[in-house]
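Listed in order, the protein sequences are those of chains A and B.
Anchor point for the first sequence: position 10 equals 10 in this note's numbering, and the numbering is continuous, going up by one each time.
Anchor point for the second sequence: position 97 equals 1097 in this note's numbering, and the numbering is continuous, going up by one each time.
In this text, a Cβ means the ideal position worked out from N, Cα and C, and glycines have one as well.
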Amino acid sequence: MLTGEGALSAQERAHIVALMAHYPQARAACIDALNYVQAQRGYVADEVLAETAALLGMSAAALDEVATFYNLIFRRKVGRHVMMLCNSVTCWMLGSDGLCARVKEVCGIGLGETSADGALTLLPIVCLGACDRAPALLLDGELHGGVDAPRLAGLLGGLTAEGG
Amino acid sequence: MERPLTRNIVAGRPPLDLGGYERAGGYKAVRGVVGRVAPARVTEEVGQAGLTGCGGGGFPTARKWQAMPTRAERPGPRYFIVNADEMEPGTFKDRLLMEGDPHQLIEGIILSAYAVDADHAYIFVRGEYRVAISRLSQAVAEAREARLLGPNILGSGFGLEIDVHAGAGRYICGEETALLNALEGRRAIPRAKPPLPQVSGLFGCPTIVNNVETICNVPHIMAYGAAWYRALGVEGAPGTRVYGVSGRVKRPGSYELPHGTRLSELIEDHAGGMQEGFGLVAVLPGGASTGFIAAGDLDVPMSAAGLARLGQRLGTGNVIVLDDATCPIGFMVNLQKFFAQESCGWCAPCRDGLPWVVDMLQRFARGEGRAADLAVLEEMVDNLGPGRTFCGLAPGAAASLQSGLKLFGGQFRARLALGAAA
């Protein structure tokens, strides 16, 4: 895995250029490009953002305006794992606040924070479209529904067990 | 009971691949229609079927299509966009349709794009829906391989490309003009209308934006006809809807039922009624942007006309049940927090008004309400209402605020700060 900082590799540059082919205007590929570089590097660092913007024919400010708008683009370093807890209404009714409190107890972090060992970042997310299995969360992009305290403990335990 | 939209969907089984979908009768409508039936006939059939938007707006689909200028009037690219940015709290139907039967959506897109003579389609899927994105991408590749997509579909002379676009979050991207800005790589704020997207949409070209469920209906309308489609519904509503129920009911989930099915039947018979020990206080019939329906009013058809009788909207048709163990004011705080957080910040009533509403409601939730705030909250209903903002986010927030203030007025008064109750 590449580190967050550092210049785009030739392969990354080529991939971003290929993404631009799906749209009549290069900048339309900017979300795809941000998603891609984040998948490579964990987050979108300043210099990566600037280089990506140049490829897309955008100013860094214009790309940052897009990047900071979205829930799923990280402009700061995140933990090796990212948990996103749904806090919309059905999950709230069925206990998402309790899950948030449990993460605090176990990992010592609240929403928007990363654990001291760098293993986990906890973030809120809006309705995940899994209300029939509330409360729901995403762990590293994978959906988990019907999360109660034991299941949450299992998920968090899995992260520490792998040394993550 | 016929359920065309979910007939190929079996819980726990992967979706049908192209071969399986075709063996189940899939792409029959495309083979029968594209290049064989005049595009205007498709629009006409969809209009006669009475199909309306299932994403929350409820606008008649054929009328939306008819507002697009012809290629002679506006030469150049024409776009067909599927709004798969499902993020309305309480709503989980489009995920089911995309994950469960991706080829059905693709067949609907081909027919709809043919009707409006669009040459390029984008499916705008929220980035969190990873499984849907992967299954749709796979299905698009299969369809392209079989020449159901590409420059000259099945030798008809009609060509269409589909790109699956993964978004990066934010509820506002589901608003059709904000979605256009998002697709163009701009900050996703809504655009002023007019011009309508049909006239000047994506990259300034004629563009249609339709919801996933809406488009999934089109193959069935074209295969079996408008009369068949209309007869699927009850109480004057056409077709079926993928209703849903969440909250403390026995069987939360998605239920494809005749459009117009009674709300009481949906909750009691299909979702199994309330879990032991819980009572139903009220419901939001179609996501966070719809107003409260009181427990005594559930004997109402789940259709636009049915709910209009109560002064409410159908929205997405996915019901959120508020139970008697949940504080109704806390429930309202959660809804308003969602809208405040997801406001794009473009219009003042929404950007500044919603956090203010949250603040006032939170005081009531803590038992520190101020009598004067009740009047301000009533005023905010109007300030957030239709016509005050570029888009429907704030009016959506106002729906539950207005109905909640009325329905839970007693609880609000009981939560006034001590000494303020005079």
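- Within the stretch 89 to 141 of chain A, the complete alpha helix (DSSP H) segments at least 4 residues long are 89 to 93 and 96 to 107, listed from N- to C-terminus.
- Where B:Ala1166 is concerned, the enclosing beta strand (DSSP E) starts and stops at Glu1161 to Ala1166.
- Residues of the stretch 1211 to 1224 of chain B with a C-beta less than 9 Å from any C-beta of chain A: none at all.
- Think of a sphere of 7 Å around the beta carbon of B:Arg1095: the chain A residues whose beta carbon falls inside it are Gly129, in chain order.
- Runs of alpha helix (DSSP H) with 4 or more residues, each lying fully within the stretch 8 to 73 of chain A, are found at 10 to 20, 30 to 41, 46 to 56 and 60 to 67, listed in chain order.
- When the beta-carbon positions are compared, B:Leu1232 and B:Pro1060 stay at least 9 Å from each other.
- Per DSSP, A:His81 is not a residue of any alpha helix (DSSP H); the beta strand (DSSP E) it occupies stretches across His81 to Cys86.
- For B:Asp1269, the closest of B:Arg1251, B:Ala1282, B:Val1381 and B:Pro1285 by C-alpha to C-alpha distance is B:Arg1251.
- The criterion of a C-beta distance shorter than 9 Å is not satisfied by A:Gly141 and B:Arg1241.
- The bridge partners DSSP lists for B:Val1209 are B:Ile1081.
- As a beta-bridge residue in DSSP terms, B:Asp1323 pairs with B:Leu1280.
- Taking all protein chains shown into account, B:Lys1193 has fewer than 16 neighbouring C-beta atoms within 10 Å of its C-beta and is therefore exposed.
- Any Cβ of chain B closer than 9 Å to the Cβ of A:Ile125 would place that residue at the interface, and such an atom is present.
- B:Glu1256 is bridged by DSSP to B:Val1242.
- As the crow flies, the alpha-carbon of A:Val103 is around 39 Å from that of B:Leu1257.
- Check the Cα spacing between A:Ala26 and each of A:Leu56, A:Ala39, A:Ala14 and A:Gly145: the tightest is with A:Leu56.
- Exclusion of the five residues before and after B:Val1116 leaves Trp1065, Met1068 and Ile1208 as the residues of its chain whose Cβ lies within less than 6 Å of its Cβ.
- In the three-state scheme derived from DSSP, where H, G and I count as helix and E and B as strand, B:Met1068 is classed as coil.
- Looking at the backbone, the Cα of B:Arg1248 and that of A:Ala67 are separated by about 37 Å.
- Three or more pairs of CB atoms, one per stretch, sit closer than 8 Å, so the stretch 1108 to 1122 of chain B contacts the stretch 1031 to 1044 of chain B.
- Contacts with chain B (Cβ-Cβ distance below 8 Å) from the stretch 33 to 54 of chain A involve Leu34 and Asn35, listed in chain order.
- In the displayed model, B:Thr1006 falls within a helix according to three-state DSSP.
- If you ignore the 5 residues before and after B:Pro1219, its C-beta comes within less than 7 Å of the C-beta of Ala1029, Gln1104, Glu1107, Gly1108 and Leu1111, all in its own chain and listed in chain order.
- Contacts with chain B (Cβ-Cβ distance below 7 Å) from the stretch 73 to 87 of chain A involve Ile73, listed in chain order.
- Residue environment: B:Thr1070 is assigned as exposed (fewer than 16 neighbouring CB atoms within 10 Å of its CB, all protein chains considered).
- For a cut-off of 8 Å, the C-beta gap from B:Thr1389 to B:Pro1349 is around 6 Å, short enough to register as a contact.
- The C-beta distance from B:Arg1415 to B:Phe1364 rounds to 4 Å, short enough to meet the 8 Å contact threshold.
- Take the alpha-carbon of B:Gly1159 and the one of B:Gly1150: they are about 5 Å apart.
- When the beta-carbon positions are compared, B:Ile1215 and B:Trp1346 stay at least 9 Å from each other.
- Shown here, B:Gly1367 sits in coil according to DSSP, grouped into three states, outside any helix or strand.
- A distance of 9 Å or more separates the beta carbons of A:Leu120 and A:Gly112.
- The beta-carbon of A:Glu142 is placed less than 9 Å from the nearest beta-carbon of chain B.
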